[in-house]
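Respectively, the protein sequence lines represent chains C and G.
In this note's numbering, each residue's number is its place in the first sequence (first place is 1) plus 55.
In this note's numbering, each residue's number is its place in the second sequence (first place is 1) plus 55.
All residues carry an ideal CB built from backbone N, CA and C; glycine is no exception.
Data block below; observations after.
2 protein chains.
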Amino acid sequence: MTNTRPTRQTWQKAAVRDLLEGGEEFRTAQQIHDLLRDSGAKVGLATVYRALQAMAESDEVDVLRTPDGEAAYRACSSGQHHHHLVCRACGYSIEIATHIVEDWAASVAKAHGFTDTGHELEIFGLCQNCSGQSR
Amino acid sequence: MTNTRPTRQTWQKAAVRDLLEGGEEFRTAQQIHDLLRDSGAKVGLATVYRALQAMAESDEVDVLRTPDGEAAYRACSSGQHHHHLVCRACGYSIEIATHIVEDWAASVAKAHGFTDTGHELEIFGLCQNCSGQSR
DNA sequence: CTATATGCAAAGTATTTGCAACATT
DNA sequence: AATGTTGCAAATACTTTGCATATAG
């Protein structure tokens, strides 16, 4: 099932991983690229994309789509299924673990004869910080 | 607040609206464009995009992002807030109206000091039809 | 040393926009 | 007749890919 695909350890991948694990925010590939550059690390944009793809596949990071269609990534603390509360101003996010919604979603799906179900849920808003700065 | 923006009635817009209101499926702009062409209606792709944008803004249709970042649209029966149960094989979808999740989401957000909150929730799976055809 | 990863730039997608021709009101 | 709308093509924006070179193991 899991094919033997060699993954070489490079400082570029480490940099991306570190950056994500350092923060709570969702960042787009481009943001990450910029941040790395600012940190003095000259990493190619394509490499960042490739690293993120790989990490997403191995469930090291969560991916979500911003309203305008960009992919945003965030380190996730566990292989657990969970959702996020995301600030749409600064990207700060909190992981939300709950089974209430899980159960509800599963039962709704089953009630309609659906199988092999899953769901996506994100809550958006302005975090306390960003709420204050009314302008 | 709501500025007086005149909207002219054209057969192109009607065609898009009719197509969406005819079905239960989510379709991407490009799919809609193709379908219209097949129906003999030669509508420009840009026009389809513009029509969908407008309809989305006036809440005549729902928008969601497919995993690969494309926008998919579906007619929605009401101006009400609701979610969908979507078949990932055929695109068939069912509107789900509930306040359980609404309330839960709102309280979670509030508990974390977030304001101006909203959320996105879609349940995916295989509908009864597609479940049967095991291959 | 050898195969994989990087980096650049070119190629792909999906969507938006400028503008002249056109059609609704 | 006047202005919103269409359609095309060029322009954007994000992401992927090809290929020569650098590098981890």
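{"Query": "Using CA atoms only, rank isn't needed, just tell me which of C:S148, C:T65 and C:H136 is closest to V156 of chain C.", "Result": "C:H136"}
{"Query": "Tell me whether S113 of chain G sits in a helix, a strand or coil according to DSSP, three-state version.", "Result": "coil"}
{"Query": "For R190 of chain G, name the three-state secondary structure that DSSP assigns.", "Result": "Residue confidence for R190 of chain G is low, a pLDDT of 44 falling below 50, so the modelled location carries little weight; the figure read from the coordinates is stated next. Residue state, collapsed to three classes: coil."}
{"Query": "Any beta carbon of chain C sitting closer than 8 Å to that of E157 of chain G?", "Result": "no"}
{"Query": "With a cut-off of 8 Å, does the C-beta of G180 of chain C fall near any C-beta of chain G?", "Result": "yes"}
{"Query": "Is DSSP giving H88 of chain C helix, strand or coil here?", "Result": "helix"}
{"Query": "The alpha helix (DSSP H) with A69 of chain C in it runs from where to where?", "Result": "W66 to G77"}
{"Query": "Can you give me, in chain order, the residues of the stretch 156-177 of chain G that have a beta carbon less than 7 Å from any beta carbon in chain C?", "Result": "V156, W159, A160, V163, A164, H167, G168, F169, T170, D171, T172, G173, H174, E175, L176 and E177"}
{"Query": "Could you pull the DSSP bridge partners for Y128 of chain C from this structure?", "Result": "C:R82 and C:V118"}
{"Query": "To the nearest angstrom, how far is the alpha carbon of V103 of chain C from that of T153 of chain G?", "Result": "40 Å"}
{"Query": "Using only CA atoms, which one of G:M110, G:S186, G:D89 and G:G187 lies nearest to A69 of chain G?", "Result": "G:M110"}
{"Query": "Taking only beta-carbon atoms, is I87 of chain G less than 8 Å away from chain C?", "Result": "no"}
{"Query": "Just to confirm my understanding: we take A96 of chain C, look at its own chain, exclude 5 residues before and 5 after, and list those with CB closer than 7 Å. What are they?", "Result": "A70"}
{"Query": "Taking buried to mean at least 16 other C-beta atoms within 10 Å of its own C-beta, is C145 of chain C buried or exposed?", "Result": "exposed"}
{"Query": "When burial is assigned at 16 or more other CB atoms within 10 Å of the CB, is D117 of chain G buried or exposed?", "Result": "buried"}
{"Query": "Scan the stretch 65-88 of chain C for residues whose Cβ lies nearer than 7 Å to a Cβ of chain G and list them as they occur along the chain.", "Result": "none"}
{"Query": "Return the Cβ separation of L91 of chain C and R129 of chain C in integer angstroms, given the expectation that the two are a contact with Cβ distance under 8 Å.", "Result": "Their Cβ separation, rounded to whole angstroms, is 16 Å, which puts L91 of chain C and R129 of chain C out of contact at 8 Å."}
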